[in-house]
Amino acid sequence: MTIVLRARIFHTPRDPFREAGALETVEGALALTDDRVGALGSLTEVQRQYPDAPVLGDGEDYLLPGFVDTHVHYPQMSVVGAMGLTLLDWLRERTLPEEARLADTAYAREVAARFLRALARNGTTTALVFGAHQPPAQGIFFELAAASGLRITSGLVLGDRLLHPALEADPETCYRESETLLRAWHKRGRVRYAVTPRFSVSCSEGVLEAAGALLRSYPDAFFQTHLNEAPAEISAVAELFPWARDYLETYERFGLVTERSLFAHNVHVTGDELTRLAAARSAVAHCPSSNMFIGSGLFPLRRHLDHGVRVALGSDVGGGTGFSLLKEGLMAYQGQMLLGSGPGGGLPLGPAHLLYLATRAGALALGLDDLGDFTPGRQADLVLLRPPEGGTLAEVLAQSPSAEASLGALFTLAREDSVREVFVAGEPLFTRLGLS
Ligand code: GUN
Ligand code: ZN
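For the sequence shown, UniProt numbering assigns the number 1 to the initial residue and increments by one for each residue that follows.
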């Protein structure tokens with residue numbers, strides 16, 4: 001079955017950090033053929049290919065590939081906005097006590113449902129999600145994620161020290177409970193499993209060893225954790241692992257730095273760590289709103305790309321300030337501007353870079369090579385934007401001098417009140433999620 005959507009269409013089928021002209025913009029139509037992109041072009045061209053397909057839309061909406069959030073915490077939605085604290089205090093005072101509440105499975109179910117709706121409402125169709133420490137709460141999350149239609153990779157969070165006591169589990173328990181959840185959910189529909197030690201501060205060598213053993217037993221599972229986020233965290237890791245020359249080695253030693261590994265933050269990173277991350281083909285989730293809100297620092301994007309490290313965007317809710325990858329794009333732009341020009345300075349970004357970071361780069365970082373842009377044959381994951389009538393965004397767009405300028409305005413001003421629908425594999429999800 002094919003449908004044709006008329007819209008102003010934007011995508012980045014090539015990498016704008018490597019090639020000029022990577023942004024493609026089309027005022028025309030996109031054909032969705034079952035779960036895939038069938039064609040993209042002017043309405044006449046697309047209708048020539050699909051003469052019998054129904055045409056939807058008046059051409060005024062903006063159509064982008066669905067956003068890919070490569071780092072977000074399911075239990076932390078209600079922590080958004082907890083001001084005045086840097087990372088370790090923020091965890092201890094606000095975040096870990098909230099995560100402990102997920103021992104109540106009825107509450108966990110409510111939180112999971114709210115979280116999945118928030119992703120879709122913000123145009124996110126794929127996410128790598130830090131889960132809960134409690135196996136029942138993580139099982140509930142997988143159940144609702146599978147039913148949501150979104151593409152979710154997630155895992156039970158592991159740690160055995162320096163957390164809230166109710167969140168800690170010994171290495172053997174970490175292994176066993178992860179394996180049970182992995183066997184139940186990995187590759188079930190659009191759900192995949194990610195082995196998820198919280199960070200080296202909260203993981204003994206035994207827990208990191210258990211994580212490595214899981215990856216060896218299940219080599220197609222994913223891996224996620226935190227790395228080099230804040231100075232006090234990095235000092236704690238140096239004290240806890242005196243044998244490690246740097247933070248990355250605490251993961252390397254246990255076989256956790258692979259091409260299926262994604263590390264969140266990596267703000268304060270050494271050149272040697274970047275060289276090793278690139279050699280391993282690991283990816284980094286850049287979470288700019290969180291880095292600014294928690295005061296962790298400004299992300300050295302240019303150094304990552306110069307070393308050949310793959311980078312995508314993450315919202316990092318609840319350290320981040322919301323679920324919008326459009327906003328994360330804007331914050332990434334602002335962070336690079338603040339780093340200034342010159343050696344070691346910021347990388348000037350434009351709308352094409354922001355779109356790539358929010359879509360195709362995330363898909364590639366998650367090993368989902370067949371989504372993230374509108375090349376015919378890709379999975380039809382998309383977000384349809386229509387600015388609220390009479391608002392600032394509508395007025396700015398009405399005066400826009402070019403398609404690229406319109407995309408810049410969308411990143412700057414469009415938020416969840418502009419998101420009208422998301423499609424995953426060609427299927428609209430708002431009704432399924434109770435959003436329309
Ligand atoms: N490091 C360990 N846990 C967390 C978390 O929940 N959020 C952030 N931003 N960093 C972390
Ligand atoms: Zn995080």
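The beta-carbon is built from N, C-alpha and C at its ideal position, and this holds for glycine as well.
- Scanning its chain for C-beta atoms nearer than 8 Å, with the 5 sequence neighbours on each side dropped, one finds around P135 the residues L156, E177, T180, L181, in chain order.
- Summarising the contact set, residues whose Cβ lies nearer than 5 Å to any heavy atom of the ligand ZN are, in chain order, A264, D316.
- According to the DSSP assignment, F10 belongs to the beta strand (DSSP E) that extends over 2 to 11.
- Take E45, set aside five residues on each side of it, and no residue of its chain has a beta-carbon closer than 6 Å to its own.
- When distances are taken from the beta-carbon of H73 to the heavy atoms of the ligand GUN, the shortest one is below 7 Å.
- For G391, the CB stays at least 7 Å from every heavy atom of the ligand GUN.
- The straight-line gap separating the alpha-carbon atoms of V26 and T173 is approximately 53 Å.
- Burial is judged here by how many other beta carbons sit within 10 angstroms of a residue's own beta carbon; T392 has fewer than 16 and is exposed.
- In this structure, the ligand GUN has a non-hydrogen atom nearer than 7 Å to the beta-carbon of F199.
- The Cβ neighbour count for E60, taken over all protein chains shown within 10 Å, is under 16; the residue is labelled exposed.
- By alpha-carbon distance to S418, the top candidate from L144, F293, R386 is R386.
- Just so you know, the alpha carbons of D35 and L382 end up roughly 11 Å apart.
- In this structure, the C-beta of H226 approaches the ligand GUN to less than 7 Å from one of its heavy atoms.
- Restricting attention to G66, S406, A146, the CA atom closest to the CA of R8 is found in S406.
- A distance criterion of 7 Å places the beta-carbon of E229 in contact range of the ligand GUN, judged by its closest non-hydrogen atom.
- For the pair A278 and G314, the CB atoms are not nearer than the 8 Å cut-off.
- When only Cα atoms are considered, L162 and V201 end up about 7 Å apart.
- The C-alpha of P401 is placed about 44 Å away from the C-alpha of F141.
- Contact between the stretch 228 to 246 and the stretch 93 to 107 is absent: fewer than three C-beta pairs spanning the two stretches fall below 8 Å.
- Counting C-beta atoms within 10 angstroms of its own C-beta, K327 has 16 or more neighbours from the protein chains shown and is therefore classed as buried.
- Secondary structure note for I234: its alpha helix (DSSP H) is the uninterrupted segment 231 to 240.
- DSSP places A184 within a helical segment (H, G or I) once states are collapsed to three.
- L371 and F17 have their C-alpha atoms spaced approximately 19 Å apart.
- Here the distance from the Cβ of L87 to the nearest heavy atom of the ligand GUN is below 7 Å.
- Annotation: V46 is outside any beta strand (DSSP E); the continuous alpha helix (DSSP H) that includes it extends over 43 to 49.
- L88 is a Cβ neighbour of A232, given a cutoff of 8 Å.
- Not one heavy atom of the ligand GUN sits closer than 7 Å to the Cβ of I234.
- Contact check for F374 and H71: beta-carbon distance about 25 Å, past the 8 Å limit, so the pair fails to qualify.
- In the three-state reduction of the DSSP assignment, I294 falls in the coil class.
- If you ignore the 5 residues before and after M77, its C-beta comes within less than 7 Å of the C-beta of V111, R114, F115, A118, V317, G318, all in its own chain and listed in chain order.
- For P197, DSSP records a beta bridge to L158.
- Here the alpha carbons of G346 and G38 stand approximately 38 Å from one another.
- Of the candidates M337, T2, Q224, E24, the residue whose Cα lies closest to the Cα of V55 is T2.
- Apart from the 5 residues on each side of it in sequence, T258 sits with its Cβ closer than 8 Å to the Cβ of L215, F223, A280, R281, S282 in its chain, given in chain order.
- As the crow flies, the alpha-carbon of L85 is around 58 Å from that of D52.
- In the assembly as shown, L338 is an exposed residue. Its beta-carbon has fewer than 16 other beta-carbons within 10 Å.
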